[in-house]
Amino acid sequence: DAGVIQSPRHEVTEMGQEVTLRCKPISGHNSLFWYRQTMMRGLELLIYFNNNVPIDDSGMPEDRFSAKMPNASFSTLKIQPSEPRDSAVYFCASSLQVRGNEQFFGPGTRLTVL
Amino acid sequence: DAKTTQPNSMESNEEEPVHLPCNHSTISGTDYIHWYRQLPSQGPEYVIHGLTSNVNNRMASLAIAEDRKSSTLILHRATLRDAAVYYCILRGHGSGNTGKLIFGQGTTLQVKP
């Protein structure tokens, strides 16, 4: 079992550029979560999907952020245009069910926006 | 979502037991108590969860107060690899619950050799 896979692991970009983060959940899991972690705000839930459908995107900071899950094995988080305050570690997690079951986290993508 | 309160940091000596406290005085009847930990430069990982009874697994034990307003995560023999941030999270399991994890600041555990 490969676990949750995220790519890239590190991304450095310049302000104004588009950034796309990718996540492959654990096979068979039907819920997927995107989190952001910064020193100031800690771990925040941005959005989560159940059966590929976005359920709650109230944590998405603003319209520059968008997330998609075109199928059960792939999700993207896009930032366009990126800003320096978007610099953070972005984690993807998956679980078998929305309620109750443990979430398995990926290794994260460290994003630096210059 | 009900809030939890944890000490910012704790220290322990290697191979000694560690008791990590968590207060959750506004817990509701359908809230489970979940613990996750985050090792340096890694994503969080599940540790244990429980509702009313004490729970044991290969990683740790969870002791839940009778009134459920507090709980304690117990690491029976701390190792250097247990140095991490430990998060205590309340998570509803009732119908309609979203399964969201709301992370607080957690407790940073240092383990001294």
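Chains A and B, in that order, give the protein sequences. With my numbering applied, the first sequence covers 17 to 130. With my numbering applied, the second sequence covers 22 to 134. All residues carry an ideal CB built from backbone N, CA and C; glycine is no exception. Nothing here was measured: the structure is a model prediction, and the numbers come from that model.
Query                                                                                                                : Result
Alpha helix (DSSP H) runs contained entirely in the region 76-115 of chain B, provided each spans 4 or more residues : none
Limits of the unbroken beta strand (DSSP E) element including G71 of chain B                                         : 66-71
CB contact below 8 Å: Q63 of chain B versus chain A                                                                  : yes
Span of the beta strand (DSSP E), counted from its first residue to its last, around M76 of chain A                  : From DSSP, M76 of chain A is part of no beta strand (DSSP E); its letter is neither H nor E.
Per DSSP, cross-strand counterpart(s) of P42 of chain B                                                              : B:T93
Beta carbon proximity, Y64 of chain A to chain B, threshold 8 Å                                                      : yes
Among A:Q53, A:L112, A:N46, nearest to P123 of chain A - alpha-carbon criterion                                      : A:Q53
Short Cβ contact (8 Å threshold) for T128 of chain B with S46 of chain B                                             : no
Sub-8 Å separation of N68 of chain A and A83 of chain A beta-carbons                                                 : no
Chain B within 8 Å of E27 of chain A, Cβ atoms only                                                                  : no
Chain B contact for G32 of chain A (CB, 8 Å cutoff)                                                                  : no
Short CB-CB distance (under 8 Å) between P123 of chain A and chain B                                                 : yes
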